[in-house]
Structure formats: structure tokens, C-alpha cells
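Q: Encoded as C-alpha cells, here's the structure I'll be asking about.
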Amino acid sequence: MPELSPLVIFIASIFTGNILLVYFLGMCSFLSVSRQIKTAFGLGIAVTFVLAITSAVNYIVYYYILLPFDIEYLRFIVFIATIAGVVQLLEMIIERFSEVLYINLGIFLPLITVNCAILGVSLFMIIRHYNFIQSVLFGAGSGIGWTLAIISMAAIRERLVEKKIPAALHGPGIALIIAGIMAMAFIGFSGIVQLQ
Amino acid sequence: MVSKIIITVLSVSGITGFLALILVIAEKIFADYGVCKVNINGEEDIEVDGGKSLLFALKEKKIFIPSACGGRGTCGYCKVRVIDGAGPLLPTEEPMLSKDEMKNNMRLACQVKVKKDIQIQIPEELFNIKEYKTNLALLKDLTYDIKLLHLELIEPKEINFKAGQYVQLETKPYGDIKETVMRAYSICSPSYEKNYIELMIRRVPDGICTTWVHDFLKEGEVLNIIGPMGEFYLREGESDIYLIAGGSGMAPIVSILYHILHEKIERNVLFFFGARTTKDLFYLDVMEYFEQNIPNFKFIPALSAATNKDKWEGEKGRITDVINKYIKDRDNSQAQGYLCGSPGMVKACINVLNSNNITNDRIFYDPFA
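As you go down the protein sequences, you meet chains W and R in turn. According to this note's numbering, the stretch in the first sequence is residues 23 to 218, in order. According to this note's numbering, the stretch in the second sequence is residues 5 to 373, in order.
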């Protein structure tokens, strides 16, 4: 694989390789917390924050503990443990030091411990052999891409409230259809750069 | 092979152990808010461990804020006024508070965390709320669908309540019902009798608690109650008092009448009691006793569905019409109305009182929910 510039990875992970609309990871919170732009934004920022930090931590754990001991098959369980630990730690620190940040971000943190997008990013960076800088920017970019997707979704759903929707499609039904159309729209970006 | 297993076990436990250690240390450093002072109503300072929610911090100090959901932020009962020290309103509180309440600094005690010294305001009565262990000494039928429960206090041995207040009774699992529920019932015994309380409980078809009381409860059982609570009690004044009740709504009124008798209050008291037929009447002997011993008291039962079989010579017709008939020619400019009964009855009677010059600030009621 040719060495990609970290900046290219960053841009690509927002648009062409959007973690949510191209890889369909992190769908559960995407569907359940996308009713209001305000909360969607808060959750998006929290995901971005956690993604950037956990990709760095997991990079270190993988290349300095799992690989040397030849136990990289444990990466699933170890990654999840570190993600959960980091999220807890972040919540405590934020709650202590910034009330504003805690209100806007902290209350979403427990929601995203089990967000699969976060585990997904850590696994992708291993599979794609990214170096440390690339991994962190890939994590941050994926987070921004996820935020972009959930805010667009929330914006659409806020407008949907007034629209007539067939009864059977209320709630998740129409949300999944919208997600599908958005995913197709994102194919339009794929000409810019390819990640894989 | 063996070495691989050992390495696996060691590294997994090492990593998770390390994470756990970091979290424990972090909790000590970051989540330890030390001892915080909670100032209540500008008087009492209590010391609690910081980091907990206000609801649980107060509960540990035996101050019970009403809460039905157990601190999950879904019932909205645990509202308290926080004057200082709570930080900004949380998104989890917003749906439970009205605009006025937000302006008045009302907060949900279960969502507010005590992180520094905090100043709050709660109604004085809440200090008095305790959990009591009681012995069901007597269980008897008042009518075909109302039972009287006589509960002797075991621990604590004494209760202080205002006549008219209610307690919450905790049910026990029975039949197919596996959970316990809390239901509120007014105390009908005198407030100067501090060693026991009495409750009147009417059977509600398919009601979890009332079915249990009527079909499963036995004398001698130990029951838990929490109380006293409520804002339904006699207000001071010299004016006439109109008491209005239907069915087991008589309970708080009886307690208020004992209070009037005991305190030798000489205000004019009219008690309108609505029932369907003579089968629904009870406590007539107690009312007779009150009429003989309270100087200016009159008991006016009214039957809405009396037939010839009832041989009823008292008031007939709807309770609202009877009330109107008695009070329309009186001077009601200061009179107070006290109502307890079904929401529909309470609403209809409030309308009658309103149309007779009794404004809402002089009307007090306890509708059954």
C-alpha cells in the first residue's frame, strides 16, 4: 500500500470513507439520537473526541503490547476494555474540570462506550497498517464524518416532523430509508480519493 | 502452547488490571469532592460526601424527597429549589420542568450532583417524613367496599402529622403480583394520637394495592409506611369551614374533625358527605359524637341514588346541589373549602364553591389519582 499523507486520510475518512454512511458503523446511536440537531451535535463531538483519543491509545496498546507478545488475536477484547476505560476516565475528568463541557458532552459519553464505530476505527487502523499520526487523524476524521452524518440526519428528521409519513414507516423505518439515500449521495464523493 | 496461554492470561489481566487501577486512582483524584455542606432553608447545615446526587445525599441523612422512579429522572417528583451551588440546568432535567419552575431555580434532586457547598429550599414537612414499621392490629369492614386499617407503630414509636395529611403504604407481593408498590392513603385517626394511625381503603377494581388490602391482608402483619406528606390540613382563621368528601375521602376529614374537637375550635363547620345509597354510609356514630361535642358542627350526608328501600330522610340528589342549597345564603367571603374525593367530584364541587364567592386560594383539596 502506498504511503498516504495523513491529511488525505483525514479528508477521506470524512467523505469517501465515511464510517457511518459507507461502512455503516455506529448505527444504533445514529438512529436513536438523531431527533434534534442540538443533541446530535453534542453526541457527534463526543464521538470525535473519544475516537481521536482511543485510536491513539489502542495504537500504543496494539504495537507495544499485543504485537511483541504475539497475542494480536486478543485485540477485540483488549480494544473494548481500553475504550471503556478511556471513556470512563474522560467522563470523570470532564465532570471535574468543565461544567460547560460536561453538560454538552459528558452526558453522552456513557452512550458511546459501546458505539461500534469506535471499535471499528481501531480495527481498521490495524488492518490498514496506519502509522501513529495516520491513526490519530483517521480517528478524528472518522469522528467528524460521523458527526456530519448524524447532524444531516437530525436536520432532515427535524423537518420530517411536519411531513406526512405512511404510518408503517414512522420512526426507524423512515430513518433507515433516509440513511440509505444519504449513503448513496455520499457515493458522489468517492471519486476524490480512495482509501483502500 | 502453555506459555502462550500464560502470556494471554497475564496480558489480559495485566491490561484490564492496569485500566482498573487507573480508574480507581482517577476516581480518588477527580471524583472525590470531599465533604460538602448542604444548607437547607437557610437554617440547617448538613454534611454529605460530595459526588453523589442530591436525592441520595439527602436520603442518607434521612431526609426523604418524594421520588417514584428511584432517581432515574423520569417521574419528576423530586423537585427542590436550589438557590446556589447546583451548576447549570442539565438536558435531563429540562423535560420535567416548566418555564416558571426553571425561573424559580427548581431542579430535579436526582440529577443535581453535590460537588460543592449547596443551598437548597425544601418544604418544612419533608424533615418530618420517615419510614415507619407498623403492626396491622385491626382490619375491619366499614362498608361492603371500604376497610379500616388500624396500624400500631413499632419503629419509630411516634408519628407527628397534621390532621389531613397522608402516608404511603408499601404493598407486599401477592398472587401474580411480584413487585411492591407504594400507594398514598390519608390518615383518618386523630393527630394527637401519636402511637397509631388509621387508614380507610376503598376497593378499586383491579387495583394492585386495594385488592391486596381487601383480599390478602391479615391482621397481625407488619407493614411499612412512609410519611406524613401532603398540603391538605386545616388552615388558621375565624371563618366558616366547609368540608366535602365522598367515599373513603372521608378519612382526612375525620382526622381534621378530631383536630377541631381537640383544639376546641369554635368556627362553623359543615361537613357534606356524598354517597349513593345507605349502603355507602359509615362512621355515622362517629359523626353523631362530633355533632354532640363540637359546638358548631353539622354533618350533612347526601344520597344520590336513594330508593324507597333506603328509607332515607336526609338530603337527596347530587352533592353539588346539596352544597349549593346550604351555602348559597351564607356569607362566604372568608369561608374555606376542604375537599377530598374522586377527581370528578372534587372538580364539580370546586365549581360550586367558586360560584358561591369562595376563591381558589381558600379551597384545599386532595383528589384521588
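Think of the CB as a built atom: it goes at the ideal place given N, C-alpha and C, for glycine as much as any other residue. In this text the structure is predicted, and so the values were computed from the model without any measurement.
State the DSSP-derived secondary structure class of Met23/W, mapped to helix, strand or coil.
A: Reliability of the predicted coordinates at Met23/W is poor, the pLDDT of 49 falling under 50, and no value is obtained from them.
Q: Whole angstroms are fine: how far does the CA of Gly251/R sit from the CA of Val208/R?
A: Straight-line Cα distance between these residues: approximately 12 Å.
Q: Taking only three categories from DSSP, how would you classify Gln2/R?
A: In the structure displayed, chain R extends from 5 to 373; residue 2/R sits before or after that span and is not available.
Q: Tell me the rounded alpha-carbon separation between Phe52/W and Arg179/W.
A: Their Cα atoms are separated by approximately 12 Å.
Q: Using the beta-carbon count (16 or more within 10 Å), is Tyr287/R buried or exposed?
A: Buried is the call here.
Q: Does Arg57/W come out as helix, strand or coil in the three-state DSSP assignment?
A: If DSSP states are grouped into helix, strand and coil, Arg57/W belongs with coil.
Q: Taking 8 Å as the CB-CB cut-off, is Met23/W touching chain R?
A: With a pLDDT of 49 at Met23/W, under the threshold of 50, the modelled position of that residue is not reliable, and the figure given next carries that caveat. Chain R, which has no Cβ nearer than 8 Å to the Cβ of Met23/W, makes this no.
Q: Does any residue of chain W bring its CB to less than 8 Å from the CB of Phe60/R?
A: Cβ-Cβ to chain W under 8 Å: no for Phe60/R.
Q: Could you spell out the range, first to last residue, of the alpha helix (DSSP H) harbouring Gly161/W?
A: Gly161/W -> alpha helix (DSSP H) spans 154-182.
Q: Could you tell me the distance, in whole angstroms, from the CA atom of Asp49/R to the CA atom of Lys41/R?
A: Each residue's Cα considered, the two are about 6 Å apart.
Q: Just list the alpha helix (DSSP H) runs in the stretch 76-128 of chain R, keeping only unbroken ones of 4 residues or longer that don't cross its boundaries, in chain order.
A: As far as the stretch 76-128 of chain R is concerned, its whole alpha helix (DSSP H) runs of at least 4 residues are 103-107.
Q: Got a sec? Which residues, its chain only, sit under 6 Å from Leu142/R by beta carbon, not counting five neighbours each side?
A: Within the same chain, Leu142/R has close Cβ partners His154.
Q: Going by C-alpha distance, which of Phe160/W, Phe91/W, Gly163/W is nearest Lys8/R?
A: Checked all of Phe160/W, Phe91/W, Gly163/W; the closest Cα to Lys8/R is Phe91/W.
Q: From Ala113/R, Leu173/R, Ile205/R, pick the residue whose C-alpha is nearest to that of Thr184/R; which is it?
A: The shortest Cα separation from Thr184/R among Ala113/R, Leu173/R, Ile205/R belongs to Leu173/R.
Q: Mind the definition here: the stretch 294-301 of chain R touches the stretch 265-283 of chain R only if three or more C-beta pairs lie below 8 Å; say whether that holds.
A: Output reads yes: the stretch 265-283 of chain R touches the stretch 294-301 of chain R.
Q: So Glu267/R is in the alpha helix (DSSP H); what residue range does that whole segment cover?
A: Run containing Glu267/R: none; DSSP gives neither H nor E here.
Q: Which chain W residues are close to Ser15/R, counting only those with a beta carbon under 9 Å from its beta carbon?
A: What Ser15/R touches in chain W: Ile87, Leu88, Phe91, Ile93, Leu96, Val100.
Q: As a quick exercise: from Asp333/R, Val6/R, Tyr342/R, pick the residue whose alpha carbon is nearest that of Gly253/R.
A: It is Tyr342/R.
Q: Below 7 Å on C-beta distance, what does Gln110/W contact in chain R?
A: Within chain R, the residues near Gln110/W are Leu27.
Q: Determine, using beta-carbon pairs with one atom in the stretch 164-183 of chain R and one in the stretch 305-312 of chain R, whether at least three such pairs fall under 8 Å.
A: Verdict: no, contact absent.
Q: Could you tell me whether the Cβ of Glu317/R comes closer than 8 Å to any Cβ of chain W?
A: Chain W, which has no Cβ nearer than 8 Å to the Cβ of Glu317/R, makes this no.
Q: Mind checking Met23/W: buried by the 16 CB within 10 Å criterion, or exposed?
A: The pLDDT assigned to Met23/W is 49, lower than 50, so where the model puts this residue is not dependable; a value taken from the coordinates is nonetheless given after this. That one is exposed.
Q: First and last residue of the beta strand (DSSP E) that includes Val379/R?
A: Residue 379/R is absent from the model: chain R starts at 5 and stops at 373.
Q: Grab the span of the alpha helix (DSSP H) containing Leu25/R for me, first residue to last.
A: Run containing Leu25/R: 6-34, per the alpha helix (DSSP H) assignment.
Q: Residues in its own chain within less than 6 Å of Ala352/R by CB, not counting five upstream and five downstream?
A: Result list for Ala352/R: Thr324, in chain order.
Q: Terminal residues of the continuous alpha helix (DSSP H) containing Phe286/R?
A: No alpha helix (DSSP H) contains Phe286/R, which DSSP labels as neither H nor E.
Q: Taking the alpha-carbon positions, what's the Val55/W to Cys138/W distance?
A: Between Val55/W and Cys138/W, the C-alpha separation is close to 15 Å.
Q: By the 8 Å beta-carbon criterion, what residues does the stretch 127-143 of chain R contribute toward chain W?
A: Against chain W - using a Cβ distance shorter than 8 Å - the stretch 127-143 of chain R contributes no residues.
Q: Which residues mark the beginning and the end of the alpha helix (DSSP H) in which Cys192/R is found?
A: Counting along the chain, Cys192/R falls outside any alpha helix (DSSP H), and DSSP gives it neither H nor E.
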